[in-house]
Ligand SMILES: NC(=O)c1ccc[n+]([C@@H]2O[C@H](COP(=O)([O-])OP(=O)(O)OC[C@H]3O[C@@H](n4cnc5c(N)ncnc54)[C@H](O)[C@@H]3O)[C@@H](O)[C@H]2O)c1
């Protein structure tokens, strides 16, 4: 019997937690720039009764994304997308953050939106980081939401003289993810499909551990100590949200971003995490 396919990009902790929650009964094709990560996740999940095939793919390349989609379609129709691939401010330079997190995500949502099965669902992972930046202008939001993917990286707001550092690049990328999800959800809707975004706070994964040990380590540790929850989150808690968004219980939710950050953003604006003037 042919199974529906889940496309999972990013074989990290968040991606795997979501795939384990909603990927039962599906063929899961997991793409990651690190084939080792893809193989490890596939092995862990196959040993737990899932049906997973690992593939090497690079989210920053349209060719690589199209190749992953074409390979996945050989197994059946793609009815689910989970995009949890990305690089953090301590892991990569500005250019790579924009190419992977901003451009790559936009291309993936666009390309999967063209072929997603009728009634299919997708989630992508942005970040609380995008919520800390001051509001952009309505025109900037519109540009991030709707500029054709191949022109996105030419936008003036993304040029080196307008990006302060890797954290700013990450924030712009994650803000763009939210806007793209809104614009793409309209297109996905013409296929009866839904697309949403989850903006996590600090979730303990290898990516976050790199941040704890990076130049902003103290900043991150302070953030979870002073957020209302008083701790970092787990990938399984992100999967709780994904499960809602991707199940029939979330049938009226599309084009949304759900913040799951233990209240860190609230504390940043109105509590002890508020930056001192
Ligand atoms: N962990 C956190 O605290 C946190 C918070 C907010 C947002 N996020 C976001 O969640 C997503 C998943 O991160 P995670 O915490 O599970 O990290 P992780 O390090 O466990 O997984 C990320 C995966 O993405 C892969 N990857 C990196 N660049 C790639 C590329 N160009 N093409 C394909 N794969 C690539 C890595 O090899 C890795 O397997 C990222 O988008 C990250 O920005 C994480």
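In my numbering, the protein residues as written are -15 to 261.
Cβ atoms here follow ideal geometry from the backbone N, Cα and C, with glycine treated the same way.
| task | Mark residue 7 as exposed unless 16 or more other C-beta atoms lie within 10 angstroms of its C-beta, in which case mark it buried. | result | buried
| task | Return no unless some Cβ of chain B is closer than 7 Å to the Cβ of residue 102. | result | Annotation note: the requested chain B is absent from the structure, which comprises a single protein chain.
| task | State whether the region 63 to 80 contacts the region 142 to 159, with contact taken as three or more CB pairs (one from each stretch) at a distance under 8 Å. | result | The count of Cβ pairs closer than 8 Å, one atom from the region 63 to 80 and one from the region 142 to 159, reaches three, so the stretches are in contact.
| message | For residue 34 and residue 3, I'd like the C-alpha separation in whole angstroms. | response | 9 Å
| said: Given a cut-off of 7 Å on the beta-carbon distance, is the pair residue 184 and residue 244 in contact? | reply: yes
| Based on the DSSP secondary-structure assignment, which residues constitute the bridge partners of residue 180? | 107
| task | Please list, in chain order, all residues of the same chain as residue 92 whose beta carbon is under 7 Å from its beta carbon, the five residues on each side excluded. | result | -7, 43, 49, 67
| How would you call residue 208, buried or exposed, if buried means at least 16 neighbouring beta carbons within 10 angstroms? | buried
| request: Can you grab the Cα-Cα spacing for the pair residue 141 / residue 156, in whole Å? | output: 9 Å
| field | Beta-carbon gap between residue 64 and residue -15 smaller than 7 Å | value | no
| Cut-off 6 Å between Cβ atoms - residues of its own chain near residue 96, not counting five sequence neighbours on either side | 65
| task | Taking the CB atoms as reference points, tell me whether residue 181 and residue 108 lie closer together than 7 Å. | result | Cβ atoms of residue 181 and residue 108: closer than 7 Å.
| request: May I ask you to report which of helix, strand or coil DSSP gives residue 81? | output: Note: residue 81 maps to helix in three-state DSSP.
| request: Specify the secondary structure class of residue 11 as computed by DSSP and reduced to three states. | output: strand
| query | Can you pull the DSSP bridge partners for residue -7? | reply | 15, 67
| field | Rounded Cβ spacing between residue 116 and residue 252 (contact assumed at less than 8 Å) | value | Yes, residue 116 and residue 252 are in contact; Cβ-Cβ is about 6 Å, under 8 Å.
| Those runs of the beta strand (DSSP E) which lie wholly inside the region 28 to 63 and span at least 3 residues | 35 to 40
| field | Three or more C-beta pairs below 8 Å linking the region 80 to 94 and the region 153 to 172 | value | yes
| task | From the DSSP output, in three-state form, read off residue 257 for me. | result | coil
| field | Which listed residue (174, 114, 88, 124) has its alpha carbon closest to that of residue 133 | value | 88
| Nearest-angstrom Cβ-Cβ length linking residue 161 and residue 110, presumed shorter than 8 Å | 4 Å
| request: Helix, strand or coil for residue 120, going by three-state DSSP, please let me know. | output: Note: residue 120 maps to coil in three-state DSSP.
| query | Where does the unbroken alpha helix (DSSP H) through residue 189 begin, and where does it stop? | reply | Careful: residue 189 lies outside any alpha helix (DSSP H) and carries neither H nor E.
| said: I'd like to know whether the C-beta atoms of residue 13 and residue 26 end up nearer to each other than 7 Å. | reply: no
| query | Which value, in whole angstroms, describes the spacing of the CA atoms of residue 46 and residue 259? | reply | 39 Å
| How should residue 215 be labelled, buried or exposed, when 16 other C-beta atoms within 10 angstroms of its C-beta is the threshold for buried? | exposed
| In the structure shown, what three-state DSSP assignment does residue 88 receive? | helix
| field | Closer than 6 Å: residue 248 CB and nearest ligand 1 heavy atom | value | no
| query | So, is residue 126 buried or exposed, given that buried needs 16 or more other C-beta atoms within 10 angstroms? | reply | exposed
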